[in-house]
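J.: Take this structure, written in structure tokens, and hold onto it; I'll ask about it next.
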Amino acid sequence: MKCEDFDKIIHLFLDGAIDEKQSRDLVEHLSGCQRCSENLRELKNLDIAARKTRLPEPSPAYWQTFARKVSNEIVLRKKKPFWAKIKSAWESIFVYSPAKLRWSGAIASILLVFILGKLYYDYKGVELERIRTERMEKALSSQVREEPEKLPLAVQESLQIEDQKKIAPSAPAIPSAEEKAQKEKGKETPQGTLKTQTGFVTEDSTKDSIHVKAGRAGEVIQIATMPELGLKEMEKSGTLPETTVHIEEISDKKKTYKLAKEQPVSEGKGDIGLYGEEGIKYYKVDDNWVRVLNPNDTLVEVDTLKKVITSWSELFKEKPETEWVLEGFSQLKIAYKLLFLKTGEESILKEGIELLNKFKDSAVEQKIKDEINSKITELEALRKK
Amino acid sequence: MAEKEFKAQNAETEDKLIAKAKRGDVYSFERLVEKYQKKIYYLALRMTKSHDAADDLAQESFIKAFYSLKSFKEGYSFSAWVYRICMNLTINYLKRQKFTLPESQLKEGSLESLSDTVKADSINHLAKKELMEKIEQEIESLPVEFKSTFILRTYENLSYEEIAQALKISRGTVMSRLFRARERLKKNLKGYL
Numbered sequence: 382m383k384c385e386d387f388d389k390i391i392h393l394f395l396d397g398a399i400d401e402k403q404s405r406d407l408v409e410h411l412s413g414c415q416r417c418s419e420n421l422r423e424l425k426n427l428d429i430a431a432r433k434t435r436l437p438e439p440s441p442a443y444w445q446t447f448a449r450k451v452s453n454e455i456v457l458r459k460k461k462p463f464w465a466k467i468k469s470a471w472e473s474i475f476v477y478s479p480a481k482l483r484w485s486g487a488i489a490s491i492l493l494v495f496i497l498g499k500l501y502y503d504y505k506g507v508e509l510e511r512i513r514t515e516r517m518e519k520a521l522s523s524q525v526r527e528e529p530e531k532l533p534l535a536v537q538e539s540l541q542i543e544d545q546k547k548i549a550p551s552a553p554a555i556p557s558a559e560e561k562a563q564k565e566k567g568k569e570t571p572q573g574t575l576k577t578q579t580g581f582v583t584e585d586s587t588k589d590s591i592h593v594k595a596g597r598a599g600e601v602i603q604i605a606t607m608p609e610l611g612l613k614e615m616e617k618s619g620t621l622p623e624t625t626v627h628i629e630e631i632s633d634k635k636k637t638y639k640l641a642k643e644q645p646v647s648e649g650k651g652d653i654g655l656y657g658e659e660g661i662k663y664y665k666v667d668d669n670w671v672r673v674l675n676p677n678d679t680l681v682e683v684d685t686l687k688k689v690i691t692s693w694s695e696l697f698k699e700k701p702e703t704e705w706v707l708e709g710f711s712q713l714k715i716a717y718k719l720l721f722l723k724t725g726e727e728s729i730l731k732e733g734i735e736l737l738n739k740f741k742d743s744a745v746e747q748k749i750k751d752e753i754n755s756k757i758t759e760l761e762a763l764r765k766k
Numbered sequence: 062m063a064e065k066e067f068k069a070q071n072a073e074t075e076d077k078l079i080a081k082a083k084r085g086d087v088y089s090f091e092r093l094v095e096k097y098q099k100k101i102y103y104l105a106l107r108m109t110k111s112h113d114a115a116d117d118l119a120q121e122s123f124i125k126a127f128y129s130l131k132s133f134k135e136g137y138s139f140s141a142w143v144y145r146i147c148m149n150l151t152i153n154y155l156k157r158q159k160f161t162l163p164e165s166q167l168k169e170g171s172l173e174s175l176s177d178t179v180k181a182d183s184i185n186h187l188a189k190k191e192l193m194e195k196i197e198q199e200i201e202s203l204p205v206e207f208k209s210t211f212i213l214r215t216y217e218n219l220s221y222e223e224i225a226q227a228l229k230i231s232r233g234t235v236m237s238r239l240f241r242a243r244e245r246l247k248k249n250l251k252g253y254l
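From first to last, the protein sequence lines stand for chains A and B.
Numbered by this note's numbering, the letters in the first sequence go through residues 382 to 766 in order.
Numbered by this note's numbering, the letters in the second sequence go through residues 62 to 254 in order.
Next up, the structure:
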């Protein structure tokens with residue numbers, strides 16, 4: 382063993398906690414080691430000298446009364462009323478102690494950090510919002526909007542909300558010549574001549590009471606009855622506040638309106654109609670309201686795109702000869718393209734190509750086959766890219 | 062044999078006193094105080110170097126012990142339990158007084174009562190007064206954890222286990238603190254020992 386090992390044993394020896402073997406080893410070691418002998422001597426002297434220090438002896442009277450003082454205090458404290466105990470506890474709070482100071486400091490620091498953090502966060506939030514808006518405006522410049530698919534997906538996502546806010550309410554209505562004619566002249570229906578207006582459902586609409594902005598700008602007119610125009614679907618897709626509807630005037634005086642039954646803006650071809658004037662347009666494919674997709678509109682939600690794909694696919698399965706076939710394939714291609722740009726999953730394009738190939742195989746007319754083929758080529762080009 | 066019987070009888074008496082005190086008998090508790098008052102007072106005095114503080118701390122230790130008697134488990138050492146209470150109160154007191162420790166009023170007194178003969182041969186040549194002053198000074202300057210361990214071992218003669226119980230620390234920690242306290246004192250008293 383080394384001298385350092387004996388340092389501890391020397392302490393054990395001084396405290397009478399040494400065992401027989403350690404004792405033998407120590408004796409043997411000390412006989413040949415001056416360092417450890419000196420160490421033991423010094424520690425022993427320290428112990429002896431320390432024990433020699435004396436404290437003053439209190440007087441005998443002190444000891445005679447000490448225990449009685451303690452018991453008196455115990456009795457006194459027992460009798461202390463509750464309010465006095467509360468008072469002394471309260472007073473003790475204000476007695477200085479380092480521990481209390483440390484705790485108070487810690488709590489104050491936490492509060493300070495929290496308050497400063499909140500203030501900074503609020504300031505930064507406003508600042509970030511301003512920067513974000515500026516970037517949005519830049520990002521939404523015409524050049525970017527022409528090729529939105531070139532933007533990173535994250536940017537596209539972040540632009541979505543802002544872009545929708547900007548586009549939807551203020552998009553200028555460009556009514557077709559036919560629509561203009563309808564507005565001016567009204568439209569003939571089996572029920573008779575009805576004046577048809579286009580309304581804009583406002584945000585305060587409820588299920589039973591739809592408010593429509595119609596007639597003069599800013600005028601809100603209540604519609605008394607529940608529409609049967611597939612508004613439930615519109616509500617589900619979350620597009621109610623932005624959905625354009627066609628209303629049938631009942632009474633000018635009361636200014637109450639009833640939603641007109643199916644009144645396509647353009648003449649419906651068979652069982653499909655195109656609805657909507659401002660901002661967002663819908664096809665009514667069978668009983669489904671299906672969003673009209675624009676190739677540049679990268680802000681459409683994934684669910685909406687999936688619904689477009691499902692609706693058109695089902696229609697073609699049931700009615701392969703429909704006159705809307707070219708429009709439908711075009712919409713399918715756009716839906717797959719937008720879905721791919723949003724999710725970045727190549728499998729989406731693969732699925733789209735396979736689906737279109739199926740329809741191509743089942744198509745009879747060469748014109749339709751060629752049309753589908755061109756869509757497939759576009760998707761394949763995108764996939765390779 | 063007789064000593065063992067006396068100790069057993071004494072312990073039995075102490076247990077009875079504790080049992081009575083637990084039931085609220087202040088008089089029985091007073092007997093216990095009489096038995097341990099000096100040990101507790103001197104422990105506090107060693108730690109604080111102030112009679113007033115030691116008096117307060119010793120009294121407070123016993124009062125706290127009385128009100129905490131319900132938590133005292135039979136079979137444990139009553140003295141070690143009160144040591145622990147006293148040591149906790151004293152350590153808290155010293156921490157509060159850390160920056161305002163008065164110059165010891167006891168130094169003079171303790172030196173006056175110093176034994177005239179320091180038996181260790183190697184320190185005979187030193188001025189005893191100077192040595193004692195220096196030792197008291199160094200003990201007082203020890204960190205409170207080292208000081209409490211050193212005092213319980215050197216002046217109260219407690220074993221490692223008893224110190225561990227009184228300070229609620231492990232035996233290893235007791236040994237380590239004692240080792241470091243002594244080594245520090247030895248280093249600072251180099252030339253005196």
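For each residue, glycine too, the CB sits at the ideal point set by N, CA and C.
Grab the span of the beta strand (DSSP E) containing tyrosine 144/B for me, first residue to last.
T.: Residue 144/B sits at position 83 when you count from the first residue of the second sequence. Note, tyrosine 144/B: premise wrong, no beta strand (DSSP E); alpha helix (DSSP H) at 139-157.
J.: If methionine 193/B and threonine 434/A are in contact, beta carbons under 8 Å, what's the gap, nearest whole angstrom?
T.: Counted from its first residue, the second sequence places residue 193/B at position 132. Counted from its first residue, the first sequence places residue 434/A at position 53. About 5 Å separates the two Cβ atoms, so the contact holds.
J.: Exposed or buried, which one is alanine 80/B when buried takes at least 16 other CB atoms within 10 Å?
T.: As a position in the second sequence, residue 80/B is number 19, starting the count at 1. By the Cβ-count criterion, alanine 80/B is exposed, with fewer than 16 other Cβ atoms from all chains shown falling within 10 Å of its own Cβ.
J.: Any beta carbon of chain B sitting closer than 8 Å to that of phenylalanine 387/A?
T.: As a first step, residue 387/A must be located in the first sequence, where it is residue number 6. For phenylalanine 387/A, the answer is no, since every Cβ of chain B falls outside 8 Å of its Cβ.
J.: Are three or more beta carbon pairs between the region 198-213 of chain B and the region 115-131 of chain B nearer than 8 Å?
T.: no
J.: For the region 450-465 of chain A, list every residue whose C-beta sits within 8 Å of some C-beta in chain B, in sequence order.
T.: Lys450, Val451, Ser452, Glu454, Ile455, Val456 and Arg458
J.: Distance, Cα to Cα, glutamate 727/A vs leucine 720/A?
T.: In the first sequence, residue 727/A corresponds to position 346, counting from 1. In the first sequence, residue 720/A corresponds to position 339, counting from 1. Glutamate 727/A and leucine 720/A have their C-alpha atoms some 10 Å from each other.
J.: Using DSSP with H/G/I as helix, E/B as strand and the rest coil, what is lysine 229/B?
T.: Position 168 of the second sequence, counting from 1, holds the residue named residue 229/B. In this structure, lysine 229/B counts as coil in the three-state DSSP scheme.
J.: Run through chain B and tell me which residues come within less than 9 Å of arginine 432/A, C-beta to C-beta.
T.: For the purposes of this step, residue 432/A is taken as residue 51 along the first sequence, with counting starting at 1. Correct list: Thr215 and Tyr216.
J.: Out of curiosity, what's the CA-to-CA distance linking phenylalanine 139/B and leucine 78/B?
T.: The residue labelled residue 139/B in the question sits at position 78 within the second sequence. The residue labelled residue 78/B in the question sits at position 17 within the second sequence. Approximately 11 Å, taken between the alpha carbons.
J.: Which residues of chain B have a Cβ atom closer than 7 Å to the Cβ of leucine 427/A, listed in chain order?
T.: Numbered from 1 along the first sequence, position 46 holds the residue referred to as residue 427/A. Those within 7 Å of leucine 427/A in chain B are Arg243, Leu246, Lys247, Leu250 and Leu254.
J.: To which residues of the same chain is valine 235/B closer than 7 Å at the C-beta, ignoring the five residues directly before and after it?
T.: Along the second sequence, read from residue 1 onward, the residue named residue 235/B stands at position 174. Closer than 7 Å at Cβ, skipping near neighbours: Thr210, Tyr221, Ile224 and Ala225.
J.: Which residues in the same chain have their Cβ closer than 6 Å to the Cβ of glycine 733/A, if we skip the five residues on either side of it in sequence?
T.: For the purposes of this step, residue 733/A is taken as residue 352 along the first sequence, with counting starting at 1. Contacts found: Tyr717 and Leu760.
J.: By Cβ distance, which residues of its chain are closer than 8 Å to isoleucine 729/A, with the 5 residues on each side in sequence left out?
T.: To locate residue 729/A, count along the first sequence from 1; it is residue 348. Cβ within range, chain order: Tyr717, Leu720 and Phe721.
J.: Using a Cβ-Cβ cutoff of less than 6 Å, which residues in the same chain neighbour serine 692/A once the five nearest sequence positions on both sides are dropped?
T.: Working through the first sequence from its first residue, we reach residue 692/A at position 311. Hits under 6 Å: Val666, Asn669 and Val671.
J.: Counting pairs of Cβ atoms below 8 Å between the region 419-427 of chain A and the region 446-461 of chain A, do you hit three or more?
T.: Look at the beta carbons and you see the region 419-427 of chain A not touching the region 446-461 of chain A: under three pairs across the two are nearer than 8 Å.
J.: Along the alpha helix (DSSP H) that carries lysine 688/A, what are the first and last residues, could you check?
T.: Taking the first residue of the first sequence as position 1, residue 688/A is located at position 307. Lysine 688/A -> alpha helix (DSSP H) spans 683-699.
J.: Kindly say whether alanine 448/A, judged by its beta-carbon, lies nearer than 8 Å to any beta-carbon of chain B.
T.: Within the first sequence, the letter at position 67 stands for residue 448/A. Alanine 448/A counts as touching chain B.
J.: So, are the CB atoms of lysine 756/A and phenylalanine 697/A less than 8 Å apart?
T.: Taking the first residue of the first sequence as position 1, residue 756/A is located at position 375. Taking the first residue of the first sequence as position 1, residue 697/A is located at position 316. No, these two residues do not count as a Cβ contact at 8 Å.
J.: Over what stretch of residues does the alpha helix (DSSP H) that includes tyrosine 253/B continue unbroken?
T.: Taking the second sequence and counting its residues from 1, the one referred to as residue 253/B is at position 192. First-last for tyrosine 253/B: undefined, no H or E at that position.
J.: Taking 8 Å as the cut-off, decide whether the C-beta atoms of leucine 436/A and arginine 107/B are in contact.
T.: Taking the first sequence and counting its residues from 1, the one referred to as residue 436/A is at position 55. Taking the second sequence and counting its residues from 1, the one referred to as residue 107/B is at position 46. Going by C-beta atoms, leucine 436/A is nearer than 8 Å to arginine 107/B.
J.: Kindly indicate if chain A contains any beta-carbon less than 8 Å away from that of phenylalanine 127/B.
T.: Sequence index remark: in the second sequence, residue 127/B carries index 66 (1-based). For phenylalanine 127/B, the nearest beta carbon of chain A is closer than 8 Å to its own beta carbon.
J.: Span of the alpha helix (DSSP H) holding lysine 195/B?
T.: Residue mapping note: residue 195/B aligns to position 134 of the second sequence, counting from 1. That run of the alpha helix (DSSP H) goes 189-201.
J.: Looking at the C-beta of leucine 424/A, does it have a partner C-beta in chain B at a distance below 8 Å?
T.: Residue 424/A sits at position 43 when you count from the first residue of the first sequence. Judged by the 8 Å Cβ criterion, leucine 424/A is in contact with chain B.
J.: So what does DSSP say about proline 441/A, is it helix, strand or coil?
T.: As a first step, residue 441/A is located in the first sequence; it is residue number 60 there, counting from the start. Note: proline 441/A maps to helix in three-state DSSP.
J.: Looking at leucine 104/B: is its Cβ nearer than 8 Å to the Cβ of glutamate 217/B?
T.: Along the second sequence, one-based indexing puts residue 104/B at 43. Along the second sequence, one-based indexing puts residue 217/B at 156. The answer is yes: Cβ separation under 8 Å.
J.: Once the 5 residues before and after asparagine 153/B are set aside, which same chain residues still bring their CB inside 7 Å of it?
T.: Taking the first residue of the second sequence as position 1, residue 153/B is located at position 92. Hits under 7 Å: none found.
J.: Rounding to the nearest angstrom, what Cα-Cα distance links threonine 74/B and glutamate 91/B in this structure?
T.: Position 13 of the second sequence, counted from the first residue, corresponds to residue 74/B. Position 30 of the second sequence, counted from the first residue, corresponds to residue 91/B. The straight-line gap from Cα to Cα measures roughly 13 Å.
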